[in-house]
Structure formats: structure tokens, C-alpha cells
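The structure appears below as C-alpha cells.
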Amino acid sequence: MRNQIDLLRPAAVFASVVHHASFRSAAEALKMSAPLVSQMVSDLEARLGVQLLNRTRSSLTLTPAGQQLFDTTSSMLNLFRDGLSTISPLQLQLSGRLRICAPTTLESSGFARFLQRFTAENSDIELELDLFDELIKEPEERYDLTLRFAPLDTQLNHARLLLEVDFLLVAAPCLLNQPMTAAQLNHEEWVHSPNSPTDLVIRKLTTGETDQIRPSNHLRVSNIAMVRRLVEEGIGFGTFPDFSVQQALDSGKLVNVMPDWITGRCGLFSIIPPKQLESSAARRFVDDLDGYLKNSNQAQSAFIR
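For the sequence shown, full-length UniProt numbering assigns the number 1 to the initial residue and increments by one for each residue that follows.
Given below as C-alpha cells:
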């Protein structure tokens, strides 16, 4: 047991090297010398009897064993930090600018309520929020935190799952006022964003059986809010996270055209880039948002419009 405990510090140093993608940057973040950091990782590899990193003059890449250790260590460190935050009697007064990008699907009264509470409790944090639906390249260059929806099995670096949602097939009652089959929907207009696939693979909730919809007509719109408006006007059918259309379904403004089927189960993920992992403001925002979703009796509907 003692030998295993002795591995905790070098494992944490190794995780920092991976986070920062270099020994020198990790050393600066840890306030250690680069040679010492390099030696600790080498000693860790020797003690474990496996190579963790492939080293070249210009880059570092993880070996399979390194990836496994990194995932385990990162989870352990996140739990450790979370544990410290729950037992600390004092909350640090955070300050500075926090830049966040998120999908327009979160443009809702529920998310607005969360933002109002967060800004009231963290008045020294200057919050900048960009809402758009395009997948931008290298968001870490512009943002301290990214919120995005992605399939649950998507491999996202430095990501934390906050919420699981089902995507539903919906339409205006004036267009489709009764349950449809996949074959029937092939002849309807599909209104969707450019990021959507050409075909829709759907799954039956009760049996797990799958089917495919190949709509003959497509209307691609780069803004999810406009996609929603067009669907509500009866232009075609669309796919949306359950929480974002639940109120419209309850009121009859929209109908679920395949009630026993979903187009996929996705997650709302928070992603803090490596250079911001030590950002207390970004971590505070994610922790508070996670708590807001988990502690609410209406966790799934916390973002309802």
C-alpha cells in the first residue's frame, strides 16, 4: 500500500505533463524544474514497468498504458479537487474574465436563471457568453470553457458530462398530427443544422431496434433558434433535445411524430482546455452548473424555455 501511495505524486505530475502537452509548461504550472518533472515521469515509467509517453523532439504522445493512467489519474484529481471544495469552510472570492461558448439550444429561461444566480454569487467574475451552433476550430484559443452537446460515446478531451438528453422527432400539428413511420418521414422536409448527418438513424426506446430515415428534402439552417421557428410554422420536421421542446409538446404547439423513438441520446459536456484547467473561475462555473442540474427536482427540465 505504501508503495502505491508513493506513486500518487509522480502520477499527478505525469497528468500535468499531458494536460500542458510539454514538460516545460507543466514544470512552470507546478513551480518545479523541467528536469525534475522529466525525471519523475521517467521514474514512474520505470516503477510501473511500462512506457507512458512517446517522446520526440517536437511532441509528446500517449501510449495505450499512458492513456489509461492519464484517464484514471485525471478522474482521481477531479474527485480530489471536488472533495476539497465541499469541505472547505471558506469560498474563495474569484475574479477576472470568464469566456464561455455554448450552443443556442441553451438560450432558455432556465439557463438564464442559472446565469443570474452565478453572477450574483460571483460578482467579481466578468462573464462573457457566446451562443452559436457551429463547431469552431481550436475553441481553447478563444474560450476558457466550452459547453456542447455530443453523443455519449464521443471521445472528448478534458470533458465532463453534465446532463444526458434524448433527441426527439417533432413537427407542428398542422404538418403531422399523428404518429408517423420512418418510411413516411422520408417524404417530408427535414429542417436541420449543417452539422447534422445526411440520414437519421433512429432507435426504439423499448427494444433498442434501429431504423433509418432518408428525407428527400432538406432545409439547412445555421441557427437552431431559426430551425425551431421553421418547424413550429409547419415547414418540416426537426430533431431537438427533449428538454428544449417539452413545454411546446405539453402545450400542443409541437407534436412528437415518433413517440416511441429517439434520434439519439446525447450528453451536455463541459470542456475546459488544458491551459485553463487551473482556472478556478471555469471550475466554479462547471461545478455550480453541475450542482444546479443535479440538485433540481426538474434536472432534465432545468433548461426548459
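Cβ atoms here follow ideal geometry from the backbone N, Cα and C, with glycine treated the same way.
Everything numeric in this text was worked out from a predicted model, so none of it was measured.
Check: When DSSP labels each residue in this structure, what does A21 get in the three-state scheme?
Finding: The residue labelled residue 21 in the question sits at position 21 within the sequence shown. In this structure, A21 counts as coil in the three-state DSSP scheme.
Margin query: Going by the DSSP bridge assignment, what does K253 pair with across the sheet?
Written below: Stepping through the sequence shown from its first residue, residue 253 is reached at position 253. Note: K253 is not bridge-paired with any residue in the DSSP secondary-structure output.
Next item on the list: Look at the alpha carbon of D211 and the alpha carbon of H187, and state the distance between them as a whole number of angstroms.
Entry: Walking along the sequence shown from the start, residue 211 turns up at place 211. Walking along the sequence shown from the start, residue 187 turns up at place 187. Cα to Cα, D211 sits roughly 15 Å from H187.
Checklist line | From I213, T207 and T206, residue whose alpha carbon lies closest to that of L200 | finding: The residue given as residue 200 occupies position 200 in the sequence shown. Of the candidates I213, T207 and T206, I213 places its Cα closest to the Cα of L200.
Notebook entry, point to check: Mind checking R142: buried by the 16 CB within 10 Å criterion, or exposed?
Noted result: Here residue 142 is taken as the residue at index 142 of the sequence shown, counted from 1. Within a 10 Å sphere around the beta-carbon of R142 sit fewer than 16 other beta-carbons, which makes this residue exposed.
Next item on the list: With hydrogens ignored, establish whether the beta-carbon of D250 is closer than 6 Å to any heavy atom of the ligand NAD.
Entry: Questions concerning the ligand NAD fall outside what the structure shown contains, since it holds no ligand whatsoever.
Next item on the list: Give every residue of the same chain whose Cβ lies closer than 7 Å to the Cβ of A102, excluding the five residues on either side of it in the sequence, and list them in chain order.
Entry: In the sequence shown, the residue the question calls residue 102 occupies position 102. Answer for A102: L129, L131 and L147, listed in chain order.
Margin query: Measuring alpha carbon to alpha carbon, tell me which residue in A15, A150, H158 and T104 is nearest V37.
Written below: Position 37 of the sequence shown holds residue 37. For the options A15, A150, H158 and T104, the alpha carbon positioned closest to that of V37 is the one of A15.
Notebook entry, point to check: At which residues does the alpha helix (DSSP H) containing N217 begin and terminate?
Noted result: In the sequence shown, residue 217 corresponds to position 217, counting from 1. Counting along the chain, no alpha helix (DSSP H) covers N217; the unbroken beta strand (DSSP E) around it starts and ends at N217 to R220.
Check: Taking the Cβ atom as the reference point for each residue, do K248 and G96 lie within a distance shorter than 7 Å?
Finding: As a working mapping, residue 248 is identified with position 248 in the sequence shown. As a working mapping, residue 96 is identified with position 96 in the sequence shown. One detail in the question is off: residue 248 reads as Ala in this sequence, not Lys. Not in contact: A248 and G96 (Cβ atoms no closer than 7 Å).
Notebook entry, point to check: Thinking C-beta only, is V255 closer than 7 Å to F237?
Noted result: Along the sequence shown, one-based indexing puts residue 237 at 237. Along the sequence shown, one-based indexing puts residue 255 at 255. Not closer than 7 Å, so no.
Note to self: Runs of 3 residues minimum, wholly inside the region 166-217: which ones carry the beta strand (DSSP E) assignment?
What the structure shows: As for any beta strand (DSSP E) of minimum length 3 sitting wholly inside the region 166-217, the runs are 189-192, 200-204 and 210-213, ordered along the chain.
Next item on the list: Could you give the DSSP three-state label for D130: helix, strand or coil?
Entry: On the sequence shown, position 130 is the one that residue 130 refers to. For D130, the secondary structure class from DSSP, reduced to helix, strand or coil, is strand.
Item checked: N-terminal and C-terminal residue of the alpha helix (DSSP H) that G110 is part of -> Numbered from 1 along the sequence shown, position 110 holds the residue referred to as residue 110. Taken as a continuous stretch (DSSP letters only), the alpha helix (DSSP H) holding G110 covers S109 to E121.
Note to self: Comparing C-alpha positions only, which one of H218, A12 and V17 sits nearest to P274?
What the structure shows: As a first step, residue 274 is located in the sequence shown; it is residue number 274 there, counting from the start. Of all alpha-carbon atoms in H218, A12 and V17, the one lying nearest the alpha-carbon of P274 is that of V17.
Notebook entry, point to check: Near L60, what residues of its chain come up, given a Cβ to Cβ distance below 6 Å and the 5 sequence neighbours on each side ignored?
Noted result: Residue numbering aside, residue 60 sits at position 60 when the sequence shown is read from its first letter. Its chain contains L53 as the residues whose beta carbon lies nearer than 6 Å to that of L60, once the 5 sequence neighbours on both sides are disregarded; these appear in chain order.
Check: DSSP on S58, reduced to helix/strand/coil?
Finding: By 1-based counting over the sequence shown, the position of residue 58 is 58. Here S58 sits in coil by DSSP.
Next item on the list: Select from Q246, C266, I271 and E45 the residue whose C-alpha is nearest the C-alpha of P259.
Entry: As a first step, residue 259 is located in the sequence shown; it is residue number 259 there, counting from the start. Nearest neighbour of P259 by Cα position, chosen from Q246, C266, I271 and E45, turns out to be Q246.
Item checked: DSSP three-state assignment for T105, whether helix, strand or coil -> Within the sequence shown, the letter at position 105 stands for residue 105. For T105, the three-state secondary structure derived from DSSP is helix.
Item checked: Beta-carbon separation (whole angstroms), E232 vs K253, contact threshold 8 Å -> If you number the sequence shown from 1, residue 232 lands on position 232. If you number the sequence shown from 1, residue 253 lands on position 253. Yes, they are in contact, since the Cβ atoms of E232 and K253 sit about 6 Å apart, within 8 Å.
Next item on the list: Helix, strand or coil for I235, going by three-state DSSP, please let me know.
Entry: For the purposes of this step, residue 235 is taken as the residue at position 235 of the sequence shown. In the structure shown, I235 sits in coil (DSSP, three-state: anything other than H, G, I, E or B).
Notebook entry, point to check: Should P89 be labelled buried (16 or more other beta-carbon atoms within 10 Å of its own) or exposed?
Noted result: Against the sequence shown, residue 89 aligns to sequence position 89. Caution is warranted here: a pLDDT of 44 is assigned to P89, below 50, making its placement in the model unreliable, and the coordinate value is therefore given only provisionally. Exposed, since its Cβ has fewer than 16 Cβ neighbours within 10 Å.
Margin query: For T56, count the other beta carbons within 10 Å of its own beta carbon; 16 or more makes it buried, fewer makes it exposed. Which is it?
Written below: As a working mapping, residue 56 is identified with position 56 in the sequence shown. By the neighbour-count rule (16 or more Cβ atoms within 10 Å), T56 is not buried but exposed.
Next item on the list: Tell me P241's beta-bridge partners as DSSP assigns them.
Entry: Numbered from 1 along the sequence shown, position 241 holds the residue referred to as residue 241. DSSP lists F167 as partners of P241.
Next item on the list: Thinking F149 and T105 are a contact (beta carbons under 8 Å), I'd like their distance in whole angstroms, please.
Entry: In the sequence shown, residue 149 corresponds to position 149, counting from 1. In the sequence shown, residue 105 corresponds to position 105, counting from 1. Indeed they touch by this definition, with Cβ atoms about 7 Å apart.
Check: P10: which of T206, K294, M40 and F111 sits nearest, CA to CA?
Finding: Working through the sequence shown from its first residue, we reach residue 10 at position 10. The shortest Cα separation from P10 among T206, K294, M40 and F111 belongs to M40.
Note to self: Can you tell me whether R97 is helix, strand or coil according to DSSP?
What the structure shows: In the sequence shown, the residue the question calls residue 97 occupies position 97. Residue state, collapsed to three classes: strand.
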